[in-house]
Amino acid sequence: MSVLQDSPAWVSGLIIVLSVFSSILVVSIFSVQAKSECDISGVWNHSAKPAELLIDLNKSEITVYSHDNNKKALGLVVLKALKPTSNATLWTAQDV
966 MSVLQDSPAW VSGLIIVLSV FSSILVVSIF SVQAKSECDI SGVWNHSAKP
1016 AELLIDLNKS EITVYSHDNN KKALGLVVLK ALKPTSNATL WTAQDV
């Protein structure tokens, strides 16, 4: 005989609830981990200019953080509506 057969019904119900809850928790943890793996926020070097770009996922935009050749460009939004694509490692944006 198993322990569950000798236990009150509420114990079996509790075990089922805890089992479902732990499954939900595992899925949630993996979702947060996947999102954090795709976090590209921060300051990035421009590939062709002496400039740095600030990627802000909270605002969904990319702005000029520094630019050695054009100080007036500081703070300029260069891309907006930044979002991940269906492939979690790729991003799309709208030209400004």
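Heads up: the sequence shown begins at 966 in the numbering used here, then just goes up one per residue.
For every residue, glycine included, the Cβ atom is placed at its ideal position computed from N, Cα and C.
Rounded to the nearest angstrom, what separates D1021 and N1052 at their Cα positions?
Distance between the alpha carbons of D1021 and N1052 is about 20 Å.
I'd like the span of the beta strand (DSSP E) that includes S1048, first residue to last.
First, the amino acid is wrong: residue 1048 is Lys here, not Ser. Unbroken beta strand (DSSP E) run through K1048: 1042–1049.
Quick check: what's the CA-CA separation for K1045 versus N1023?
Spanning the two alpha carbons is a distance of roughly 11 Å.
Report the CB separation of A1016 from D1033 in whole angstroms; it is logged as a contact under 8 Å.
Correct: roughly 7 Å between the Cβ atoms.
What is the DSSP secondary structure of A1016, reduced to helix, strand or coil?
Residue state, collapsed to three classes: strand.
Go to I1027, then tell me how far its beta strand (DSSP E) extends in each direction, as first and last residue.
Where I1027 is concerned, the enclosing beta strand (DSSP E) stretches over 1026–1032.
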